[in-house]
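**Student:** Got a structure for you, questions after.
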Amino acid sequence: MAERNVLIPRLKALISFRALFVTLLLGSSYLFKVEYIYAHARAISIFIISQYFLTITYSLLIGRLNNLFLFTYVQLILDVLSEICLIYITGGIESWFSFMLILTVLSSSIILNKKAGYVTASLGSILYGALLDLQFYGLLPLHYDSSIPEKEFLYNIFIHILALYVTAYLSGYLSSSLERTKRELDKKSSNLRDLEFFNVKVIESLPSGLFTTGLNGDVLIFNRAAEKITGIHREAVIGSRIEKAMPFLTFPFLEGRREGILESDEGGHKIIGLTVTDLKDMSDRQTGFIGVFQDLTQIKQLETEIKAKEKWAAIGELSMNIAHEIRNPLASMRGSIEMLRDNKIPSKHRDQLMSIALNEMERLNGIISDFLTYSSSRSPDLKEIDLHLLLDETLSLLENIEQNRGNISIKRDFDGSLFAFADPQKMRQVFWNLGVNAIEAMKDGGELTVSTGSASGYVRVAFSDTGVGIDPSAAERIFYPFFTTKDRGTGLGLSIAYRIVEEHDGRLTVKSIPGIKTVFEIILHGANGKLKGENTRH
Numbered sequence: 195m196a197e198r199n200v201l202i203p204r205l206k207a208l209i210s211f212r213a214l215f216v217t218l219l220l221g222s223s224y225l226f227k228v229e230y231i232y233a234h235a236r237a238i239s240i241f242i243i244s245q246y247f248l249t250i251t252y253s254l255l256i257g258r259l260n261n262l263f264l265f266t267y268v269q270l271i272l273d274v275l276s277e278i279c280l281i282y283i284t285g286g287i288e289s290w291f292s293f294m295l296i297l298t299v300l301s302s303s304i305i306l307n308k309k310a311g312y313v314t315a316s317l318g319s320i321l322y323g324a325l326l327d328l329q330f331y332g333l334l335p336l337h338y339d340s341s342i343p344e345k346e347f348l349y350n351i352f353i354h355i356l357a358l359y360v361t362a363y364l365s366g367y368l369s370s371s372l373e374r375t376k377r378e379l380d381k382k383s384s385n386l387r388d389l390e391f392f393n394v395k396v397i398e399s400l401p402s403g404l405f406t407t408g409l410n411g412d413v414l415i416f417n418r419a420a421e422k423i424t425g426i427h428r429e430a431v432i433g434s435r436i437e438k439a440m441p442f443l444t445f446p447f448l449e450g451r452r453e454g455i456l457e458s459d460e461g462g463h464k465i466i467g468l469t470v471t472d473l474k475d476m477s478d479r480q481t482g483f484i485g486v487f488q489d490l491t492q493i494k495q496l497e498t499e500i501k502a503k504e505k506w507a508a509i510g511e512l513s514m515n516i517a518h519e520i521r522n523p524l525a526s527m528r529g530s531i532e533m534l535r536d537n538k539i540p541s542k543h544r545d546q547l548m549s550i551a552l553n554e555m556e557r558l559n560g561i562i563s564d565f566l567t568y569s570s571s572r573s574p575d576l577k578e579i580d581l582h583l584l585l586d587e588t589l590s591l592l593e594n595i596e597q598n599r600g601n602i603s604i605k606r607d608f609d610g611s612l613f614a615f616a617d618p619q620k621m622r623q624v625f626w627n628l629g630v631n632a633i634e635a636m637k638d639g640g641e642l643t644v645s646t647g648s649a650s651g652y653v654r655v656a657f658s659d660t661g662v663g664i665d666p667s668a669a670e671r672i673f674y675p676f677f678t679t680k681d682r683g684t685g686l687g688l689s690i691a692y693r694i695v696e697e698h699d700g701r702l703t704v705k706s707i708p709g710i711k712t713v714f715e716i717i718l719h720g721a722n723g724k725l726k727g728e729n730t731r732h
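Take the sequence shown: its position 475, counting from 1, is numbered 669 in the numbering used here, and each next residue is one higher.
As structure tokens, this is what we get:
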């Protein structure tokens, strides 16, 4: 079937070319009144009529025969015989129409294959050679100039045979190359169609909505998921601006992730998460934009529920920790006061019990004060401050606190001037808490190094100590309220520091190698820039 579909248009072209050739070549000879043709006018007329008859017959049979391959061979062989007849009519060796054999060889290679070209070349060579031999020996009633020697007959035959076979070779080579190229193109075209079909299936099967636009913002693709999410059919969107489906998205598009609200037909709304990027071709040239989006409504609802549960869980844990921290000093105070009330202890122990009660009261007051500091909702009073000045004041105090037994050296590694937008009182609290924490981690002595730096609009302050370090299992909870690995302490110092840094839209991170060193790093807005990135808890 495929071979038939290929041969039919080629045969139609051959039939049309044959009719056109007979009309133009032979008809023009009458138009120009060529004497050479008029000498054989009757025979030429019969030849023309026979060719038209064959052309009509071929046209009628082409759609009715099953074996078109054989039918094509019959036509080509009849063409060779017709050309030999024309050459015979017009003088044999002196005929002007011997070149028509070459045209038939070309037609054979193009319409069928290389083999057909060699067949018609062989048939034409044999018949043309036989015609000239019979003419030379006078076996045919064909007159020619008797002055033409025998070697010219032989040379003429040789030249025609050579021309026919060279034409068969070249046209066959060209035909086979074209056929091979066509097959490769058909295969690539099939692969492209398969790839296009696969891409369409993938795009339509995506669970996320997808659209593409041209450089002018008009929608080109709008997949099935996009229809489902927006509730708008693609026919209403394709060729229009994407604002028709997503009013919150306006052209020109900005690359990146965003969220928008999409009103639904039921009166509610959907939360849409959308990412827009440039659409580029194989040469990395932008051809438009591509957007991928999802309906985040249920996810956002789940997030809200989870945050609420986490909030209540955190409140419960915080309440338990507060109760635990308050119960211990209260128990000590109660025991001491009961013993003093009963007045059954020696007077020398009364002062000791009173001291215990007062210390526990002070401890309880410290817990409450720290908790009030942690839970304080006062917004930071941001102003441009000199961080090096604050650090110098804080480190000078740390050098003389009770926890520092004199075996800890404090090193300053400051980089030029360092200014930031911050609340000076709250930042002083952060530096104090981190410094005390570092000193308490170096019970056997060590070195506390405070280094600073700035880059790309933000400033950095790092507290590095050579203490015991932080166990990896505890690193994730180091900033949680009331979490502590120390024998004494409320566990609020680092939590307060983290809370204050968060209030400044900054970051507080920790890196620790147990037994070697621990580094707490603060990153804040510089005086001339804004911090990029999100807060992260370690």
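Each residue gets a CB set at the ideal place from its N, CA and C atoms; glycine is no exception.
In chain order, what are the residue ranges of uninterrupted beta strand (DSSP E) at least 3 long that sit wholly in the segment 383-449?
**Tutor:** Taking only runs of at least 3 residues, the beta strand (DSSP E) segments lying wholly in the segment 383-449 are 403-408 and 413-416.
**Student:** What beta strand (DSSP E) runs, 3 residues minimum, are completely inside the segment 292-335?
**Tutor:** Listed in chain order, nothing qualifies, since the segment 292-335 has no complete beta strand (DSSP E) run of 3 or more residues.
**Student:** Taking 8 angstroms as the cut-off, does the segment 263-270 touch the segment 196-210 (at least 3 CB pairs, one atom from each stretch)?
**Tutor:** The answer is yes - the segment 263-270 touches the segment 196-210, with three or more Cβ pairs under 8 angstroms.
**Student:** Could you spell out where the beta strand (DSSP E) holding Asp659 opens and where it closes?
**Tutor:** Counting along the chain, the beta strand (DSSP E) containing Asp659 begins and ends at Tyr652 to Asp659.
**Student:** Taking the straight line between their C-alpha atoms, what separation do you get for Glu670 and Gln619?
**Tutor:** Going from the Cα of Glu670 to the Cα of Gln619 covers about 27 angstroms.
**Student:** For Thr407, which option in Phe392, Leu218 and Ser434 has the closest C-alpha, if you only look at C-alpha atoms?
**Tutor:** Per the Cα distances, Ser434.
**Student:** Rounded to the nearest angstrom, how far is the Cβ of Leu456 from that of Thr498, given a contact under 8 angstroms?
**Tutor:** Wrong, their Cβ atoms sit about 18 angstroms apart, outside the cutoff.
**Student:** Just to confirm my understanding: we take Pro708, look at its own chain, exclude 5 residues before and 5 after, and list those with CB closer than 8 angstroms. What are they?
**Tutor:** Counting only Cβ-Cβ distances below 8 angstroms, and skipping sequence neighbours, we find Val662, Gly663, Ile664, Asp665 and Pro666.
**Student:** Hey, would you say Ala237 sits closer than 8 angstroms to Ile283, going by beta carbons?
**Tutor:** Cβ distance < 8 angstroms, so Ala237 and Ile283 count as in contact.
**Student:** What would DSSP say about Asp489, mapped onto helix, strand or coil?
**Tutor:** In this structure, Asp489 counts as strand in the three-state DSSP scheme.
**Student:** Among the residues of its own chain, which have a CB less than 7 angstroms from the CB of Glu421, if the five just before and after it don't count?
**Tutor:** So the list reads His427 and Arg428, once near-sequence residues are dropped.
**Student:** Identify whether Val662 lies in helix, strand or coil by the three-state DSSP scheme.
**Tutor:** Coil.
**Student:** Determine the direct distance from the alpha carbon of Val431 to that of Val653, and round the result to whole angstroms.
**Tutor:** If I take the Cα positions, the gap works out to 48 angstroms.
**Student:** Looking only at its own chain, which residues have a Cβ that is under 6 angstroms from the Cβ of Leu581, when we skip the five neighbours before and after it?
**Tutor:** So the list reads Leu612 and Ala614, once near-sequence residues are dropped.
**Student:** Cβ atoms of Ala656 and Glu587: under 8 angstroms apart, would you say?
**Tutor:** Cβ distance not < 8 angstroms, so Glu587 and Ala656 don't count as in contact.
**Student:** In the segment 250-289, which residue ranges form an unbroken alpha helix (DSSP H) of at least 4 residues, counting only runs that do not cross its ends?
**Tutor:** Segments of the alpha helix (DSSP H) lying fully in the segment 250-289: 262-283.
**Student:** Is Ala237 helix, strand or coil by DSSP?
**Tutor:** If DSSP states are grouped into helix, strand and coil, Ala237 belongs with the helices.
**Student:** On the three-state DSSP scale, how would you describe Phe613?
**Tutor:** DSSP places Phe613 in strand when its eight states are reduced to three.
**Student:** Which of helix, strand or coil does DSSP assign to Arg452?
**Tutor:** Here Arg452 sits in strand by DSSP.
**Student:** Using DSSP with H/G/I as helix, E/B as strand and the rest coil, what is Lys577?
**Tutor:** Three-state result, Lys577: strand.
**Student:** Hey, could you find the ends of the alpha helix (DSSP H) Phe625 is sitting in?
**Tutor:** Segment Pro618 to Glu634, the alpha helix (DSSP H) holding Phe625.
**Student:** Comparing alpha-carbon positions, which option in Pro203, Glu398, Phe247 and Ser706 lies nearest Ala213?
**Tutor:** Here the closest residue by C-alpha is Phe247.
**Student:** Evaluate Ser648 with the Cβ neighbour count: other Cβ atoms within 10 Å of its Cβ, from every protein chain shown; 16 or more gives buried, anything less gives exposed.
**Tutor:** Buried, because 16 or more other Cβ atoms sit within 10 Å of the Cβ of Ser648.
**Student:** Measure from the alpha carbon of Leu306 to the alpha carbon of each residue in Val200, Asp609 and Phe487, then state which is nearest.
**Tutor:** Checking every option, the nearest Cα to that of Leu306 belongs to Val200.
**Student:** Ser645 and Ser658 look like a contact to me (Cβ under 8 angstroms); what is the Cβ gap, rounded to whole Å?
**Tutor:** Right, the Cβ-Cβ distance comes to about 7 angstroms (below 8 angstroms), so this counts as a contact.
**Student:** Run through DSSP, which three-state label would His698 get?
**Tutor:** Three-state result, His698: coil.
**Student:** Starting from Ala649, trace the beta strand (DSSP E) both ways and give me its first and last residue.
**Tutor:** Gly640 to Ala649 is the extent of the beta strand (DSSP E) around Ala649.
**Student:** Just the Cα atoms here: how many angstroms apart are Gly311 and Tyr331?
**Tutor:** Roughly 30 angstroms between the two C-alpha positions.
**Student:** How many whole angstroms separate the CB atoms of Ile278 and Thr361, which I take to be in contact at a CB cut-off of 8 angstroms?
**Tutor:** So it is not a contact: roughly 17 angstroms between Cβ atoms.
**Student:** Is it true that the segment 391-411 meets the segment 468-486, where meeting means three or more beta-carbon pairs spaced less than 8 angstroms apart?
**Tutor:** Yes, since at least three Cβ pairs between the segment 391-411 and the segment 468-486 fall closer than 8 angstroms, the two stretches touch.
**Student:** Along the beta strand (DSSP E) that carries Thr712, what are the first and last residues, could you check?
**Tutor:** Taken as a continuous stretch (DSSP letters only), the beta strand (DSSP E) holding Thr712 covers Lys711 to His719.
**Student:** Could you check which residue in Pro343, Ile242, Ser289 and Lys605 has the C-alpha nearest to that of Leu218?
**Tutor:** Nearest C-alpha to Leu218: Ile242.
**Student:** Could you say which of Met294, Gly640 and Pro675 lies nearest to Leu275 if we only look at CA atoms?
**Tutor:** For Leu275, the nearest C-alpha among the options comes from Met294.
**Student:** Bridge partners for Asp607 per DSSP, in chain order?
**Tutor:** According to DSSP, Asp607 bridges with Ser645.
**Student:** Considering only residues of the same chain and omitting the five flanking positions on each side of Glu449, which have a CB-CB separation below 8 angstroms?
**Tutor:** Result list for Glu449: Val470, Thr471 and Asp472, in chain order.
**Student:** Could you give the distance in angstroms between the alpha-carbon of Gln245 and the alpha-carbon of Ile342?
**Tutor:** When rounded, the distance between both Cα atoms is 32 angstroms.
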